[in-house]
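Protein chains in written order, with the working numbering: chain R, 1 to 228; chain P, 229 to 312.
Virtual Cβ for every residue (Gly too), placed ideally from N, Cα, C.
None of these values were measured; they are calculated from a predicted model.
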Amino acid sequence: MKFAVIVFPGSNCDIDMFHAIKDELGAEAEYVWHDTESLDEFDGILLPGGFSYGDYLRSGAIARFSNVMKEVVKAAEAGKPILGVCNGFQVLLEAGLLPGAMRRNETLKFICRPVQLKVENRETMFTSSYQEQEEIMIPIAHGEGNYYCDEQTLAQLKENKQIVFTYSGTNPNGSLEDIAGIVNKKGNVLGMMPHPERAVDELLGGADGLKLFQSIVKNWREAHVVNA
Amino acid sequence: MYKVKVFITLRESVLDPQGSVVKNSLHSLNYNEVSDVRIGKYMELTVEKTERNIEEVVKEMCERLLANVVIEDYRFEIEEAVAQ
Numbered sequence: 001m002k003f004a005v006i007v008f009p010g011s012n013c014d015i016d017m018f019h020a021i022k023d024e025l026g027a028e029a030e031y032v033w034h035d036t037e038s039l040d041e042f043d044g045i046l047l048p049g050g051f052s053y054g055d056y057l058r059s060g061a062i063a064r065f066s067n068v069m070k071e072v073v074k075a076a077e078a079g080k081p082i083l084g085v086c087n088g089f090q091v092l093l094e095a096g097l098l099p100g101a102m103r104r105n106e107t108l109k110f111i112c113r114p115v116q117l118k119v120e121n122r123e124t125m126f127t128s129s130y131q132e133q134e135e136i137m138i139p140i141a142h143g144e145g146n147y148y149c150d151e152q153t154l155a156q157l158k159e160n161k162q163i164v165f166t167y168s169g170t171n172p173n174g175s176l177e178d179i180a181g182i183v184n185k186k187g188n189v190l191g192m193m194p195h196p197e198r199a200v201d202e203l204l205g206g207a208d209g210l211k212l213f214q215s216i217v218k219n220w221r222e223a224h225v226v227n228a
Numbered sequence: 229m230y231k232v233k234v235f236i237t238l239r240e241s242v243l244d245p246q247g248s249v250v251k252n253s254l255h256s257l258n259y260n261e262v263s264d265v266r267i268g269k270y271m272e273l274t275v276e277k278t279e280r281n282i283e284e285v286v287k288e289m290c291e292r293l294l295a296n297v298v299i300e301d302y303r304f305e306i307e308e309a310v311a312q
């Protein structure tokens with residue numbers, strides 16, 4: 001399975017993401033610049049954190065119009081797994097691949113620390129290696145992670161089990177219903193504020209994020225590799 | 229040529245944390261008559277005339293890029309500018 005790590009001007013978690021895939025997970029990964037015309041050769045797409053285009057206008061608002069995003073939409077329609085972390089989540093929201101929007105953190109502060117999450121739905125291609133309701137520690141690092149959507153959208157998210165991760169300790173940013181990560185209706189696009197790629201090695205404080213990447217690969221192999 | 233002024237604020241239904249903090253600061257300066265503060269963005273666009281209706285074009289720009297209509301409201305003013 002081959003992953004694309006999309007790099008926008010201002011992405012700054014791309015190297016962590018690449019490291020997580022290549023060195024910790026042991027899968028193939030390549031950096032892909034934002035003006036790339038095709039993602040056909042990749043099986044999974046990763047949108048890393050950072051400050052694409054300096055967060056000008058709104059986080060993710062400019063990146064959403066880059067060339068590669070047309071390809072990301074195509075890949076989403078084709079059912080490929082797409083993971084957006086932090087700024088990557090914001091880009092997915094701006095692109096309309098996930099519903100809702102981000103507000104500034106309730107405290108107005110940039111928050112950077114490990115937080116406790118609960119796996120609310122393990123029946124996704126991103127979370128099947130976790131236990132139902134498993135509590136995990138993953139770091140966050142954001143100033144705008146205060147998830148918002150209207151009531152109707154929230155009802156749909158609940159009905160379709162699209163809320164995948166919630167903050168189970170103190171809600172760090174004020175997000176609606178403690179939401180930390182959601183998938184699209186089809187289940188192949190995940191956006192999350194916490195950084196699983198920063199939690200892939202016990203030496204660096206924890207490896208709870210690794211199961212997320214392992215889930216993607218496991219599910220992909222089961223679907224695409226004979227005798228997997 | 230048009231001068232377009234675009235005002236973007238968080239929707240009424242969306243809590244504006246910056247606005248609340250500024251309101252509290254105004255209260256601490258004894259401006260207790262302030263009951264609400266909403267912080268937003270202001271943009272000035274200079275737009276060439278085309279065959280398309282300017283109102284329609286600006287609305288489209290707001291909806292597609294300038295505002296995120298999930299959480300933001302926008303309004304705009306259009307002035308016809310005389311070329312210098």
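- Per the DSSP secondary-structure output, residue 214 (chain R) pairs with nothing in a beta bridge.
- Rounded to the nearest whole angstrom, the CA to CA distance from residue 136 (chain R) to residue 75 (chain R) is 29 Å.
- Shown in chain order are the members of the segment 136-149 of chain R whose Cβ falls below 9 Å from a Cβ of chain P: 146, 148 and 149.
- Taking the C-beta atoms as reference points, residue 98 (chain R) is found nearer than 9 Å to residue 182 (chain R).
- Within the segment 145-171 of chain R, complete alpha helix (DSSP H) segments of at least 4 residues are found at 151-159, given in chain order.
- Contact check for residue 234 (chain P) against residue 93 (chain R) fails: the beta carbons are separated by 9 Å or more.
- Counting other Cβ atoms within 10 Å of its Cβ, residue 142 (chain R) reaches 16 or more and is therefore classed as buried.
- Distance from the Cα of residue 173 (chain R) is smallest, within the candidate group R:159, R:155 and R:193, for R:193.
- In the pairwise beta carbon analysis, the segment 200-212 of chain R is classified as touching the segment 21-40 of chain R: at least three pairs are separated by under 8 Å.
- Per DSSP, residue 110 (chain R) lies in no alpha helix (DSSP H) and is assigned neither H nor E.
- Within chain R, no residue has its beta carbon less than 7 Å from that of residue 286 (chain P); the closest one is some 16 Å off.
- In the three-state scheme derived from DSSP, where H, G and I count as helix and E and B as strand, residue 1 (chain R) is classed as coil.
- C-alpha of residue 285 (chain P) to C-alpha of residue 262 (chain P): approximately 36 Å in a straight line.
- Membership of residue 229 (chain P) in any beta strand (DSSP E) is not indicated, and neither H nor E is assigned to it by DSSP.
- Contact fails between the segment 276-291 of chain P and the segment 67-74 of chain R, because fewer than three Cβ pairs, one in each stretch, are under 8 Å apart.
- Burial of residue 195 (chain R) is indicated by the presence of at least 16 other C-beta atoms within 10 angstroms of its C-beta.
- Sorting R:58, R:189, R:110 and R:219 by C-alpha distance to the C-alpha of residue 129 (chain R) places R:219 at the top.
- In terms of CA proximity to residue 139 (chain R), R:49 leads the group R:49, R:41 and R:225.
- Per DSSP, the unbroken alpha helix (DSSP H) holding residue 255 (chain P) starts and ends at 245-256.
- The C-beta of residue 65 (chain R) has fewer than 16 other C-beta atoms within 10 Å across all chains shown, which makes the residue exposed.
- Close CB contacts of residue 34 (chain R) within its chain, under the 6 Å cut and outside five residues either way in sequence, are with 8, 66 and 68 (chain order).
- For residue 296 (chain P), the chain R residues whose Cβ falls inside 8 Å of its Cβ are 58, 61, 94 and 101, in order along the chain.
- Counting only residues of its own chain and dropping the five nearest sequence neighbours on each side, residue 159 (chain R) has no CB closer than 7 Å to any other CB.
- Scanning P:288, P:274, P:275 and P:267 for the CA closest to the CA of residue 239 (chain P) turns up P:267.
- Just measuring C-alpha positions, the residue of P:259, P:293, P:243 and P:287 sitting nearest residue 306 (chain P) is P:287.
- Here the C-alpha atom of residue 30 (chain R) lies approximately 27 Å from the C-alpha atom of residue 180 (chain R).
- Listed in chain order, the non-local C-beta contacts of residue 247 (chain P) below 8 Å within the same chain comprise 238, 264, 265, 266 and 267, local neighbours out to five positions each way being set aside.
- Going by beta carbons, residue 107 (chain R) and residue 190 (chain R) fall outside the 9 Å limit.
- A check of alpha carbon separations from residue 120 (chain R) across R:167, R:87 and R:32 identifies R:167 as the nearest.
- With 16 or more other Cβ atoms from the protein chains shown falling within 10 Å of its own Cβ, residue 58 (chain R) counts as buried.
- Within the same chain, and ignoring the five residues on either side of residue 18 (chain R) in sequence, the residues whose Cβ sits closer than 7 Å to its Cβ are 5, 29 and 31.
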